[in-house]
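**Student:** Shown below is the structure under consideration.
Number of protein chains: 2
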Amino acid sequence: MKLETRKEEIIKTATKLFKEKGYSAVTMRDIAKAMGIKAASLYNHINSKQHILRDIIISLAEEFTNGMQTVQLSEVSSIEKLRLIVALHVKITANSTYGMASLNNDWMHLEEQLDYYLELRDTYEENFRNILREGIKKNEIINSNLEIMLFSMLSTLRSLYLWIPKKEDLNTEELTQNLSHMLINGINK
Amino acid sequence: MKLETRKEEIIKTATKLFKEKGYSAVTMRDIAKAMGIKAASLYNHINSKQHILRDIIISLAEEFTNGMQTVQLSEVSSIEKLRLIVALHVKITANSTYGMASLNNDWMHLEEQLDYYLELRDTYEENFRNILREGIKKNEIINSNLEIMLFSMLSTLRSLYLWIPKKEDLNTEELTQNLSHMLINGINK
DNA sequence: AATAGTAACTAACAAGTGTTAGTTTATTGT
DNA sequence: ACAATAAACTAACACTTGTTAGTTACTATT
Numbered sequence: 004m005k006l007e008t009r010k011e012e013i014i015k016t017a018t019k020l021f022k023e024k025g026y027s028a029v030t031m032r033d034i035a036k037a038m039g040i041k042a043a044s045l046y047n048h049i050n051s052k053q054h055i056l057r058d059i060i061i062s063l064a065e066e067f068t069n070g071m072q073t074v075q076l077s078e079v080s081s082i083e084k085l086r087l088i089v090a091l092h093v094k095i096t097a098n099s100t101y102g103m104a105s106l107n108n109d110w111m112h113l114e115e116q117l118d119y120y121l122e123l124r125d126t127y128e129e130n131f132r133n134i135l136r137e138g139i140k141k142n143e144i145i146n147s148n149l150e151i152m153l154f155s156m157l158s159t160l161r162s163l164y165l166w167i168p169k170k171e172d173l174n175t176e177e178l179t180q181n182l183s184h185m186l187i188n189g190i191n192k
Numbered sequence: 004m005k006l007e008t009r010k011e012e013i014i015k016t017a018t019k020l021f022k023e024k025g026y027s028a029v030t031m032r033d034i035a036k037a038m039g040i041k042a043a044s045l046y047n048h049i050n051s052k053q054h055i056l057r058d059i060i061i062s063l064a065e066e067f068t069n070g071m072q073t074v075q076l077s078e079v080s081s082i083e084k085l086r087l088i089v090a091l092h093v094k095i096t097a098n099s100t101y102g103m104a105s106l107n108n109d110w111m112h113l114e115e116q117l118d119y120y121l122e123l124r125d126t127y128e129e130n131f132r133n134i135l136r137e138g139i140k141k142n143e144i145i146n147s148n149l150e151i152m153l154f155s156m157l158s159t160l161r162s163l164y165l166w167i168p169k170k171e172d173l174n175t176e177e178l179t180q181n182l183s184h185m186l187i188n189g190i191n192k
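If you want it as structure tokens, here you go:
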């Protein structure tokens, strides 16, 4: 059983750099330099640049998939399910702020795992859509354009990684509360 | 007076490719190939790859700056101003779907013009913030966390480019209407 | 017919790319 | 003390990158 701490350090460093400049603009020499070693040394711990991206994106995508599963199984109202989804996004994003940038912006650079990623994403969106649909059916949610509601909420949740790091004193509970309220009730007085 | 149609074709082609893979991952040979010519031929019309990015991003950023100016000068309620901002985003995004991807994801690859871009962006956000602030003061908008409201609305508006192309039968009027309603009143019944 | 402008080409460059091979050094468990 | 492992190194590879130089062909204006 390996501890793999060095490998994790590399992935962590790469994740930070990927957020700043994107996967394609970051070179193996950039990653090595940030760690104070030579590029060739990275290959004692990782298989390829592509594998780093894969590790970052797929693990996050699976976290979302698992979280959505839990939300679906919980026996609460549709509105409450939406609140749980907001909480899920806040939690994952707060723990992996940098990685969320890759998930959002570099997924198209996945090679072998691209199809798998797209499958996870499509399924996630479809589950989200179904929760909204159910809410409309049960008269908890306004019967407005389904896709626009989905798009609007997902956009905000997916962009969270851009805002969260700015708050030093992040209270995830409070953020979840405020954000849910805004997405559900709007800003009108 | 030059017509520059060829230059515009190059920028248009590049914009499309930039949206698919990002600025860094698109090569001059990619752009040339998409036009059926050789990479060196591009330089008869453009100065550099960097200048292409500059053209795409700065012109869009200035469009937003100008639009915001108009909104500020209009003598309507704060809520109505927000509706005008939504309309501005929908209009620009519908006209430049591909370019919006660069504006959102590749601005950090700007070189000489990076500071200018950041200035435009900061000013835009500050103006947006002031409209919300005024709305709260005049009791049109709930007195909730200002930054979260700003973040939430901007995220949705900035992500519009990802959804708009999926709608073939885009009715910008209707989209603006639905989106404004959602952002202002939420989804609660 | 001569000129200028537009737009393509081939060939080449210097620098940078991800990655491999082979080696050295330090640490750790027996 | 020995062997094994982890983790770094140098050197090099084949390929790709943005870009320049110099040239050729076509078209429109004088």
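So the sequences go chain by chain: A and B.
Residue numbers for the first sequence follow this note's numbering, beginning at 4 and rising by one.
Residue numbers for the second sequence follow this note's numbering, beginning at 4 and rising by one.
The beta carbon of each residue, even a glycine, is placed where N, CA and C say it ideally should be.
If we cut at 9 Å on Cβ distances, does D109/A have a partner in chain B?
**Tutor:** As a first step, residue 109/A must be located in the first sequence, where it is residue number 106. Taking Cβ atoms only, chain B reaches closer than 9 Å to D109/A, which makes this a yes.
**Student:** Indicate whether at least one CB of chain B lies closer than 9 Å to the CB of N181/A.
**Tutor:** For the purposes of this step, residue 181/A is taken as the residue at position 178 of the first sequence. Closer than 9 Å: yes.
**Student:** Just the chain B side, please: which residues come within less than 7 Å of K192/A by C-beta, in chain order?
**Tutor:** On the first sequence, position 189 is the one that residue 192/A refers to. Those are N142, E143, I144, I145, listed as they occur along chain B.
**Student:** Use the C-beta contact count for T8/A: other C-beta atoms within 10 angstroms, 16 or more gives buried, fewer gives exposed.
**Tutor:** Against the first sequence, residue 8/A aligns to sequence position 5. Exposed: under 16 other Cβ atoms inside 10 Å.
**Student:** Excluding five sequence neighbours on each side, which residues of the same chain lie with their C-beta closer than 7 Å to the C-beta of L135/A?
**Tutor:** For this step, residue 135/A is matched to residue 132 along the first sequence. Cβ within range, chain order: I144, L149, M152, L153.
**Student:** Where does N98/A land, buried or exposed, given buried means 16+ other C-beta within 10 angstroms?
**Tutor:** Locating residue 98/A in the first sequence gives position 95, counting from the first residue. With fewer than 16 Cβ atoms within 10 Å of its Cβ, N98/A is classed as exposed.
**Student:** In chain A, which residues lie less than 7 Å from T159/B when you measure between Cβ atoms?
**Tutor:** In the second sequence, residue 159/B corresponds to position 156, counting from 1. Within 7 Å Cβ-Cβ: S155, S158, T159.
**Student:** Can S81/B and E137/B be called in contact, C-beta distance under 9 Å?
**Tutor:** For this step, residue 81/B is matched to residue 78 along the second sequence. For this step, residue 137/B is matched to residue 134 along the second sequence. Yes.
**Student:** Suppose you measure from the CA of T100/B to the CA of N108/B; what does that come to, to the nearest Å?
**Tutor:** Within the second sequence, numbered from 1, the residue matching residue 100/B stands at position 97. Within the second sequence, numbered from 1, the residue matching residue 108/B stands at position 105. So the two alpha carbons sit approximately 13 Å from each other.
**Student:** Ordered along the chain, which non-local residues of its own chain (more than five positions away) have a Cβ less than 7 Å from that of S256/A?
**Tutor:** Any property of residue 256/A remains undetermined from this structure, which presents chain A solely from 4 to 192.
**Student:** Name the two residues that bound the continuous alpha helix (DSSP H) containing D172/A.
**Tutor:** Reading the first sequence from its first residue, position 169 is the one you call residue 172/A. No alpha helix (DSSP H) contains D172/A, which DSSP labels as neither H nor E.
**Student:** Give the DSSP-derived three-state secondary structure of I190/B in the structure shown.
**Tutor:** In the second sequence, counting from the first residue as 1, residue 190/B sits at position 187. Of the three classes helix, strand and coil, the one that applies to I190/B here is coil, per DSSP.
**Student:** Anything in chain B within Cβ reach of S27/A, meaning under 7 Å, just list it in chain order.
**Tutor:** Here the question's residue 27/A lines up with position 24 in the first sequence. By Cβ distance, chain B contributes G25, S27, A28.
**Student:** Is I40/A helix, strand or coil when you go by DSSP?
**Tutor:** Position 37 of the first sequence, counted from the first residue, corresponds to residue 40/A. Note: I40/A maps to coil in three-state DSSP.
**Student:** Just to confirm, are A64/B and L123/B a CB contact at a threshold of 9 Å?
**Tutor:** Against the second sequence, residue 64/B aligns to sequence position 61. Against the second sequence, residue 123/B aligns to sequence position 120. Their beta carbons are under 9 Å apart, which means A64/B touches L123/B by this criterion.
**Student:** For the alpha helix (DSSP H) containing M103/B, list its first residue and its last residue.
**Tutor:** Numbered from its first residue, the second sequence carries residue 103/B at position 100. Segment 100-108, the alpha helix (DSSP H) holding M103/B.
**Student:** Using only CA atoms, which one of I60/B, I59/B, I61/B, L85/B lies nearest to M71/B?
**Tutor:** By one-based count along the second sequence, residue 71/B stands at place 68. Ranking the options by Cα distance to M71/B, first place goes to L85/B.
**Student:** Rounded to whole angstroms, what is the Cα-Cα separation between Q180/B and N188/A?
**Tutor:** Looking up residue 180/B in the second sequence gives position 177. Looking up residue 188/A in the first sequence gives position 185. Q180/B and N188/A: Cα-Cα distance of roughly 17 Å.
**Student:** CA-CA distance, T16/B and I34/B?
**Tutor:** Position 13 of the second sequence holds residue 16/B. Position 31 of the second sequence holds residue 34/B. Roughly 7 Å between the two C-alpha positions.
**Student:** By DSSP's criteria, H144/A is part of a beta bridge. Which residues make up the other side?
**Tutor:** The count along the first sequence starts at 1 and reaches residue 144/A at position 141. The sequence shown places Ile at residue 144/A, rather than the His named in the question. I144/A pairs with N191/B.
**Student:** DSSP three-state label for G70/A, please.
**Tutor:** Position 67 of the first sequence holds residue 70/A. Helix.
**Student:** Report yes or no: is there a C-beta of chain A within less than 9 Å of the C-beta of S99/B?
**Tutor:** Mapped onto the second sequence, residue 99/B falls at position 96. It does not: the Cβ of S99/B has no partner Cβ on chain A nearer than 9 Å.
**Student:** For E11/B, does the three-state DSSP call read helix, strand or coil?
**Tutor:** Looking up residue 11/B in the second sequence gives position 8. In this structure, E11/B counts as helix in the three-state DSSP scheme.
**Student:** Any idea if A42/A is buried or exposed, counting beta-carbon neighbours within 10 angstroms, 16 or more meaning buried?
**Tutor:** Walking along the first sequence from the start, residue 42/A turns up at place 39. So A42/A counts as exposed.
**Student:** So which residues of chain A does S51/B contact, with C-beta pairs closer than 9 Å?
**Tutor:** As a position in the second sequence, residue 51/B is number 48, starting the count at 1. In chain order: nothing, as chain A lies at least about 16 Å away.
**Student:** Look at the alpha carbon of Y164/A and the alpha carbon of A104/A, and state the distance between them as a whole number of angstroms.
**Tutor:** The sequence position of residue 164/A within the first sequence is 161, counting from 1. The sequence position of residue 104/A within the first sequence is 101, counting from 1. Near 7 Å, if we compare the C-alpha coordinates of A104/A and Y164/A.
**Student:** Counting only C-beta atoms, is E65/A closer than 9 Å to chain B at any point?
**Tutor:** Start at 1 with the first residue of the first sequence, and residue 65/A comes out as number 62. Cβ-Cβ to chain B under 9 Å: no for E65/A.
**Student:** Rounded C-beta distance between L45/A and M31/A? I'm assuming under 8 Å.
**Tutor:** Here residue 45/A refers to the residue found at position 42 when the first sequence is read from its first residue. Here residue 31/A refers to the residue found at position 28 when the first sequence is read from its first residue. Right, their Cβ atoms sit about 6 Å apart.
**Student:** Taking the alpha-carbon positions, what's the D125/B to I60/B distance?
**Tutor:** Here residue 125/B refers to the residue found at position 122 of the second sequence. Here residue 60/B refers to the residue found at position 57 of the second sequence. Computed Cα separation, rounded: 15 Å.
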